[in-house]
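Line order of the protein sequences matches chains A and B. Per the working numbering, the first sequence starts with residue 369, numbered consecutively. Per the working numbering, the second sequence starts with residue 1150, numbered consecutively.
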Amino acid sequence: MRDSDWDQLFLQYIRKRGLRDVEERFVQHVRQPPPPGDKEEAAAVAAGVEMASVLIDDLVCFAAGHEAAVYGDAYEALVNWVDSCLDMYRPELRRLLHPVFVRLYLTLVDMEAGREAAALLARYRARVLATLGGMRRAAANDLSQLAALTSRSLLRGSAFAAARLGLGPGGPAAAKTAVSLSPYAHDLLMRWLHTGGGRMLPLLSVVNSCLDLQVLEGLPKGAPAAPVPDDDLADELAGGGPGGAGGPGADEAGADAGADAAEANMVNRTEIKLGLLQGNVEDVYREQQEKQKAEAAAAAAAAAAAGEADPAAADGQEPQTKKAKKAAEKAAAAAAAAAATNKSVVRGERIEHPPFLPKLPDDVVAAALRDISLRAPVSAATPPSCAFFTFVNAKQTLNCSTFNCDGSKIVAGFNDSSVRVYDMPTISQHHALLRRSRRGQVPGGGGGTNPDGTPAPAPPSADDLEESEPPGTLYLHGHTAAVHAVDFSVDQRLVLSGSSDGTVRVWGAEFGSCLAVYPGHVFPVWDVAACPLGHWFASAGADRVARLWVSERTQPLRLLVGHNADVDVVRWHPNCCLVATAAGQADRTVRLWDVREGKCVRYLPCGRTLPGSPTCLALSPDGSQIAAGSDEGAVAVWDLGTARRVAASQPAAAHTGAVWCLAYSQGDGCVLASGGADETVRLWRNDTGEALAAAGVAAAGGGSGADGEGGAEGGEGAAEGAAGSKEGSGKDGKGDAKGDGKGDGKGAKPAGPYAQLGRYRTKSSPVVSLAFSSRNLLLAAGPFHRRGPIT
Amino acid sequence: MSNPNFITPGSIRAIALSVDVTYLTEEAAKALAPDVEYRLREVIQDALKFARHSKRTKLTTQDINDALRLRNIEPLYGFLNNNDPAKFVRATGAPDLYFVRDDTVPLEQITCAPLPKAPAATTVMPHWLFINGVQPQTEENAAVDPRPAPKRQRLAAGAAAAGAGAGAGAAAVAGQADAVAGQKRKPGQDGADAAGGAAAAAGGAPVGQPGERVAMPVAHILSDEMQRLLQQIKATLGNPSPATLDAGSDERGEGGLWGCVLELDAAERGAGANGSGLLLTPMQRAVLTTVQRDPGMQQLLPYLTKHVGDEVAGGLRQLPRLHMVLRLVQALMLNPAVSLEPYLHSLMPPLLTCLMAKSLGNGPTCDHWALRDAAAAVVARICGRFGEPYYSLQVKVSKQLLRALLDGSKPLPTHYGAVAGLAALGPATVRLLLLPQLEPYLTKLQPSLPGGGLAGAAAAVAGGSVGAPAPGAGKEGVRQFEATRVYGALLQAAGSAMYDKLMAVAADSLPQHLFRTAGRVRRSLAPKQEAEAAAAAATPTTSPGVKQEPAAAGAAPGVAAPAAAAVVAAPPPVANPAIPEVVAVPAPAPDPTMEATWQRLQSDPKATQCMQVFQVITANPGSKQSLSLLESLQQLTNRADGRANSGQAILYQLGKLGIGPPSAAKQYRASVAAAAAAAAAAAKGQPVANGLQSPPPAGAGGAGSGMSVTPPGSALRTPGSNIAAAGGQAHLGKGGRSSGAAAAAAAGGSGAGAAGGAGSSEPASRSVRAVLAESWREDADLGEVVGALTTLFGPAFLTRLPQPPQLPIMTL
């Protein structure tokens, strides 16, 4: 290279660095390049300059290596890159962030760039808390140590920093953190670091100095040697499993360890009110019952007293009257005591009805009260009945479905972007007609006569009926892509649907027309849930955000941000002040959000207790527990108050495919039902709910007789659409007996919480949705498909 | 570290070539490959999300397109038709490379194609999955049954599913109708009655996976058609109309249909089964054909089984009904679409009743024997067919039969049925179970036999007087007749078993074994015959019988010696040292006709061949060629045409020279040795039987025709008497015992006359019982067994065995 070239290079370097004074001086001394003699030479010079400019960029970056801002930017770039990486490899890559951060921070401090270091630390902490809801104790410890190191002098004196910087006794090798990566993740990282060019040089040097990358063959999940941080976190937060004896103590220890550790678990330490709302339907019903009972007791007592008093009066003996009076008093006291215990049965605190939530309409309340009075008791001893609704001819296009409160209507979302509402009574009638016409055809052409002798109207032939569109189906067209979620509003008059076209639509179930479009999501909407009180609804989607809406605005009121991956499920807490969401893949957490503030109040990592990504959620009716099912067939239950895992399904009892749906029984939530891709419905007993129910029953005394009677009725009433109802009722007696025996047998066997009650196989239908009707009939639906190739 | 990337620069270059980018630098390919891979992974990741949120476990092309749309990429057209999944073809030479065959489709074909049928509308079918925690066994619910359904049923169910046009939908639609399960569901399905019938049996719905069965909602529902068919079957088969029987005489020959249905030689039994339901009206024939062919019979099986039971229970006095029942069972068994297994337990008792009932038909005079025989055949057939999966079936049946046989309190018809049943179960069963019990049983049976002995029974059996009871009418006569039948059945069973065994041995071409056997037989037989001949000579008026046997045996020492000496002396051996022993025969008696024939042959120019043969043989009688020529000559004599004469003449001339067929020579040698031994024994004054213990040296050479019942004397005679003997044998083989006896008498003490005397004198060192007890063993000495059986049954038994003309042919 000629001297002039060097001059040019230097000049450009000075320009890049922005040293204007130097540049001015230097320009005067610069040797002008000789005029290009010929074209070839010019081209060569141009090529040289081109190459040199790249070199200059790198030089600039290298020089800037001593500038603090570059480090911060590089770290941001790394974080962003990791967050946008393939879901599959993101957990692995995320493990790089902490060591890199520590090293960067120390480097910054070493450069005496305290301000930048503090900014980096603050950002990191905020990010960790926002996205992970907490951190490992070791990480929290690191942070607290780092926060104390603010200057180079402190750094020199700190053993912690020395170890991290490779100045300690172990030498540079000891400072390296071992991180195992799958081959492809490693490939991705290396390519990203190299394609970044000079800007990545500082990061590259940090990575090289602080990370010991171990490449393990196989898929990311097949690396048991290196637990994902989430797992550790999960275990820590879970407090050692359902036994939980050491849990509180450990937490205390954590709190003692330092403020940061406490802060790490801060999310789960948030005070939340899990109680039901005041004046909820259950309470109203119970109060009514109590009132009636008290009146009845009082009347009975009065009658008894009067009855005893009368003969006494006839005899005219004083002692008798006294005795009668005493008896009356005793009866009154007993009634009062019963009332008192009943009041204590109203367990948990009740929270005030928040002003932003609407009151339930009167007709809905009346219907709910009636349903409660007819509700069948469901528990391990009295397992529920299940009506299964098979979607035929769905041809793999059924995405989701849900039931209204009595199972008479089913709304389903399809891959062909349609939402369909099926009216079961009409469809059952049609099927009955079909059957009759078929049967009539067999003996002799069908032309029978009615019992009264008049010729019966010729029934339409079976072929015609089969060919024709079956009645009772309402098509709701409007979405432009597959519909992935549907829900009924509480008054059953509105249907919500979320589609992968990124919109949520509200339909009038009666008119069959779209009422409103909520185009808030950018990416597909994976789930929608209507608030149990109406007016509000929540949606979750592939943009990693869950949104809260009120039906009268087309803009969301709250964004629930924090999940690291697609938010797959969203469910309302029974008290409507909380919303639960779950995200899978790279996130694998279940979170609870406060509706009012829109912030995360519970962070429940799946960890090892719930292998796979969560696919469905169910909140117990009393609002204290949350159950989640995963795409690997596991079911886990957490207690929301303590954020502790209550139970997890044993692998032997778990589903063999993904769990698509979960549902708690109405009332006490004694039974949890799960359905999945392995074409089974499974029932799990909820012991805590049962204990409460048992207490309730014991206290309530004789109130259950009417309930039981009403239950059977309720079951029938809810399934009046079901064609098999006749048969079902015919078998009721036998079923009862068997069920009792089975229940007792299971009850005698000591089993953990949420022991499996039963497993019921469908013929060939994965169970896509499950719900307990308001009278506690289990409703399940799934598409029938023959095994074998997709047709 | 292996390359984690699936897309290599090589793939990129190949793809570039496929889209007509001919020049792609290595660097560009290297830079593109990881990027392409990353994009692909992104798309697949998103597609999986779509599949998961559609609650599917399969990735579809729609998911891929959704993922592409999510990233604002144009979807891939042409893969959306899920009904026609893309066919991936493996590239030859590359194990992991697949491609989609993308055929060129003419536009015309698409535009002219008729519009596809609109898919059936999606709808919802409700049913109870479980009730109070208990799953009802309806057809909508998959029952968990660890036992896989029978394959045929599965296939039929699959066919039903395929036939149910609308596939899954229709199946579920049908599944919805609880009570319609057995009814026909689709008009199209009626044609495939096979599928319909079996599908209804299988619950009328596709069986999803092996190991799962669909339970019937109710016990069993029979469609109207099937009910009608059942009525028809019952009506037609239940009442054989008398008109049939009247018109039956000329239909007797029309067993053609039943040739396959009922493998009983009805024609042969026709005489005995006079109008006993063996004759069929065309209607009955058609019905039975239906039962035999219709694949839907499985559904009727429970009813037909019950019908069988009822018919047998109610028709014990009506043989035609029972015959019809047997035919029905046989037809069911022949139906390939019917699996009888579940109903065997209810089918066997009626069949065994038919086989072993105390009395069948109207009184003892009717021919219930044919029915028992037929039942035995059916039972044996069932045992043979289902013996594989139900190995205890035959064991149980044979045990029951044996128990009935050994139970002395059971009537004789029952015994007959038991024997027939055991015989039908095959020779192995007979040898294993029946033979060891023969001796005690026959001893018990003897008093009942007509004539008071086995010989009488043999005569009765041989005389063909099976059609009616013996003349001695009344109870005793019936009993005698029945005992005769039992005896005949035993004889038949033992004979056929031994026949089978001997034929098997012969067919296995184990001549040494056979020879050894035959040698012993000869050893045991010859002296007896000699003794018997002597006895007969001594007391010609005494009818041969077991009871006289001791007397005969006792008389033997006295008279045997001269008789034996006479026999031995009669054919003077030709002392010609030039003739090898193999072909040495005594000179035949002078016969003018033979001489004349010989003269003619010598003068006949056309007969030069004969003369050549003669010369060849005389030139070297012991050579192999001569032996074979002699043997063929011997066989030639059996022919019925003119050449037999020539052959006889040649043999005659050869005989004059002392040369004869090897077989005849062997017989001669054996007889000589035996006679010598007998003579020696007689001379020593010992019992004849003991003579056996001095082994005749010549007998060790073995005898090709050792099983011959022909007395040696006849073989030693001229070819002419040879013919006579052969004729006698042929006659005997047909069972014409009386005429056989006549022929034997003509042959001079041959045939039955001699053999009949082979009584129950101790034939061997081992007792009959011991020999028979071991007869089931594979290595049992057949000769001993045959001897023992002959001892038991008398000479009639020997007629059941392979005849001499057959064995030499086989052993040669």
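Every residue, glycine too, gets a C-beta built ideally from N, C-alpha and C.
Within the stretch 899-956 of chain A, the complete beta strand (DSSP E) segments at least 3 residues long are 904-909, 913-918, 926-929, 935-940 and 946-951, listed from N- to C-terminus. Beyond the five residues adjoining it in sequence on each side, A507 of chain A comes within less than 7 Å, by CB distance, of H466 in the same chain, given in chain order. Contacts with chain A (Cβ-Cβ distance below 8 Å) from the stretch 1205-1224 of chain B involve R1205, T1206, K1207, T1209, Q1211, D1215, R1218 and L1219, listed in chain order. Between M792 of chain A and chain B, the shortest Cβ-Cβ separation is below 8 Å.
Residues of chain A whose Cβ lies closer than 8 Å to the Cβ of E1191 of chain B are, in chain order, L454. For G1282 of chain B, the number of other beta carbons within 10 angstroms of its own is at least 16, and it is reported as buried.
Leaving aside the five residues that flank L474 of chain A on each side, the residues in its chain whose CB is nearer than 8 Å to its CB run, in chain order, L514, L517, L523, A529, R532 and L533. From the beta-carbon of I740 of chain A, no residue of chain B is found nearer than 8 Å; the closest lies around 20 Å away. In chain order, G1001, G1044 and D1046 place their CB closer than 6 Å to the CB of H1023 of chain A, counting only its own chain and leaving out the 5 sequence neighbours on each side.
By the criterion of a C-beta distance shorter than 6 Å, S907 of chain A is surrounded in its chain by G866, V872, V893, V896 and R915, once the five residues flanking it on both sides are discounted.
Taking V1579 of chain B as the centre and dropping the five residues before and after it, the same chain places the C-beta of L1571, A1572, A1642, A1643, S1645 and A1646 closer than 8 Å to its C-beta, in chain order. The beta carbon of L1453 of chain B is closer than 8 Å to those of L1379, I1382, V1440, M1446, L1477 and L1481 in its chain, skipping five residues each way along the sequence. Per DSSP, reduced to three states, the secondary structure at C984 of chain A is strand. Between the stretch 1482-1491 of chain B and the stretch 1528-1540 of chain B there are three or more inter-stretch CB-CB distances shorter than 8 Å, so the stretches are counted as touching. Residue range P1158 to S1167 is occupied by the alpha helix (DSSP H) that includes I1161 of chain B. Nearest in C-alpha terms to E920 of chain A, of all of A:K1131, A:L549 and A:G902, is A:G902. Residue state for F1228 of chain B is assigned as coil, using DSSP reduced to three classes. The Cβ atoms of V477 of chain A and A485 of chain A lie closer than 8 Å to each other.
P1268 of chain B has a beta carbon lying within less than 8 Å of a beta carbon in chain A. Legend: CB atoms of the stretch 447-475 of chain A lying less than 8 Å from CB atoms of chain B belong to residues L454, D455 and M456. A distance of 8 Å or more separates the beta carbons of I1213 of chain B and V1185 of chain B. Among the residues of chain A, none has a CB under 8 Å from the CB of Q1448 of chain B; the nearest is roughly 16 Å distant. It is roughly 13 Å from the alpha-carbon of K763 of chain A to the alpha-carbon of S1132 of chain A. At a cut-off of 8 Å between beta-carbon atoms, M1274 of chain B makes contact with chain A. Between the alpha carbons of Q646 of chain A and C944 of chain A lies a gap of roughly 12 Å.
In this structure, T1940 of chain B keeps its C-beta atom at 8 Å or more from the C-beta atom of L1947 of chain B.
For P979 of chain A, the secondary structure class from DSSP, reduced to helix, strand or coil, is coil. Judged by DSSP in its simplified three-state form, D784 of chain A adopts coil rather than helix or strand. For V574 of chain A, the closest of A:L377, A:L472, A:S521 and A:P942 by C-alpha to C-alpha distance is A:L472.
Here the C-alpha atom of A780 of chain A lies approximately 10 Å from the C-alpha atom of A1149 of chain A.
Looking at the DSSP output, L1146 of chain A bridges to A:C754 and A:F1140. DSSP places S1495 of chain B inside the alpha helix (DSSP H), whose first and last residues are L1493 to M1505. Listed along the chain, the chain A residues whose CB falls inside 9 Å of the CB of Q1194 of chain B are L454, D455, M456 and Q953. Distance between F757 of chain A and D730 of chain A, taken at the CA atoms: about 31 Å. Within chain B, the residues whose beta carbon sits less than 9 Å from that of C768 of chain A are H1202, S1203 and K1204, listed in sequence order.
Following the DSSP letters along the chain, one finds R1013 of chain A inside the beta strand (DSSP E) bounded by residues R1012 to A1016.
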